[in-house]
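Undergrad: Residues 2 to 292 (this note's numbering) are what the sequence shown spells out, left to right. Cβ coordinates follow ideal geometry from the N, Cα and C atoms, glycine included.
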Amino acid sequence: ARQQLRVAVARAFFGLGTGRTGVALTKKSLETARDGLALAERRDAAGMADRRALLQATLRLSEAEREVAAAQERLLQAEQVWQRTTGLSPDEPLGAPGLAPPPDSLEEALTSVRSRRPDLMAMEQRTIVAKKETLAENLGWAPRVVAQGTYLWTENPGFGDQSAFWTAAIEATWTLWDGGARIASSRAAHSRERTAQYAWERAAQIAEEDVRLTWRRMERAELGMAAVGYEVELAEESLVLARRAYEAGTATWLEVKEAELALEISELNALGERKDFDLATVDLWAAMGQL
């Protein structure tokens, strides 16, 4: 239950942080689209651009407005989830996530699943208990032996001239036939043991599959971060070149705005890939039972 609660809090945390950044980036993209449309209108009025450029700028502004509305809706949902999950105000600033780095290899992650995951450890203990119950039922076939001893002492030795007396007795009983009750009880115990063993092995198999799938998802997100990071670098370089070309008079202000828009889109994609990687890391630690 603690693992599930921590996963829910982590998802709410990253959802709120991503929602806030997404709104800021989409608003920035909206301002860029407005500037682009204003420039396109002036160029169209001066006869310096075709109708197609104006239509594209108008379309981009409409898309930017829809993106802002969608981002605000996602942020509102993230704020509600955050408040419902943690009881904290969604208006407070968020600190750094401080996630522990993932294991170095998949084999290391799989090794700790059976020994560190609480639900598997509990199921293993239930399997041990079931085995002991089976042993107890099987010992019911053995004879029952009762030993009893008595020691007496008196101040009056009597005619025997002895003050202490003792007796010892051993009694053994063995039920040879009970109508099949012991057989039925033993079979039921064996069935419970096999059920517990199967449930444990099946749960361990599912847990290991969860670790493998989460590890692959984390690797994909890591590759996505690297690819998007390279795209952000290219977009930044393209923006620098566009500004230099504009200063030299070989590029228009619209081209500069388009380069800025491309950079903002790349930054938004990088934000999504980073969120996917962080959530995959959280899910991996949870699958390992160490969150």
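Taking a contact to mean a Cβ-Cβ separation below 9 Å, would you say leucine 55 touches leucine 31 in this structure?
TA: As a working note, residue 55 is residue 54 in the sequence shown. As a working note, residue 31 is residue 30 in the sequence shown. It is not a contact, given that the beta carbons lie outside the stated cut-off.
Undergrad: Would you please state the rounded distance, in angstroms, between the beta carbons of alanine 13 and threonine 86? I believe it to be under 8 Å.
TA: Position 12 of the sequence shown holds residue 13. Position 85 of the sequence shown holds residue 86. Sure, about 4 Å apart at Cβ, within 8 Å.
Undergrad: Closer than 8 Å is the cut-off here; do at least three beta carbon pairs connect the segment 117 to 124 with the segment 203 to 210?
TA: Yes, they touch.
Undergrad: Can you list the beta strand (DSSP E) stretches of 3 or more residues lying completely in the segment 80 to 112, in chain order?
TA: Those beta strand (DSSP E) runs which fall completely within the segment 80 to 112 and span 3+ residues do not exist here.
Undergrad: So which of Leu269, Leu40 and Ala72 has the shortest CA-CA distance to threonine 59?
TA: In the sequence shown, residue 59 corresponds to position 58, counting from 1. If we check each option's Cα against that of threonine 59, Leu40 comes out closest.
Undergrad: Could you give the DSSP three-state label for leucine 40: helix, strand or coil?
TA: Locating residue 40 in the sequence shown gives position 39, where the first residue counts as 1. Reduced to three states, the DSSP call for leucine 40 is helix.
Undergrad: Closest by CA to alanine 79, which one among Glu68, Ala70 and Pro91?
TA: The sequence position of residue 79 within the sequence shown is 78, counting from 1. Out of Glu68, Ala70 and Pro91, Pro91 has the C-alpha closest to the C-alpha of alanine 79.
Undergrad: Could you check what DSSP says for threonine 33 in three-state terms: helix, strand or coil?
TA: In the sequence shown, residue 33 corresponds to position 32, counting from 1. In the structure shown, threonine 33 sits in a helix (DSSP, three-state: H, G or I).
Undergrad: Using DSSP's beta-bridge definition, name the partner residues of arginine 145.
TA: Mapped onto the sequence shown, residue 145 falls at position 144. DSSP, once it has assigned bridges, lists Thr174 as partnering arginine 145.
Undergrad: Taking the C-alpha atoms as reference points, what is the distance between arginine 117 and tryptophan 286?
TA: As a position in the sequence shown, residue 117 is number 116, starting the count at 1. As a position in the sequence shown, residue 286 is number 285, starting the count at 1. Taking the straight line joining both Cα atoms gives about 11 Å.
Undergrad: Would threonine 128 pass as a contact of glutamate 194 if the rule is Cβ separation under 9 Å?
TA: Position 127 of the sequence shown, counted from the start, is the residue given in the question as residue 128. Position 193 of the sequence shown, counted from the start, is the residue given in the question as residue 194. Their beta carbons are under 9 Å apart, which means threonine 128 touches glutamate 194 by this criterion.
Undergrad: What first and last residue would you give for the alpha helix (DSSP H) that runs through alanine 2?
TA: The residue labelled residue 2 in the question sits at position 1 within the sequence shown. Unbroken run through alanine 2: none, as it is neither H nor E.
Undergrad: What does tryptophan 167 pair with, by DSSP beta-bridge criteria?
TA: As a working note, residue 167 is residue 166 in the sequence shown. Answer is Tyr152.
Undergrad: Let me see if you follow: with CB-CB separation under 9 Å, is alanine 143 close to chain C or not?
TA: Among the chains in the structure shown there is no chain C, since it carries only a single protein chain.
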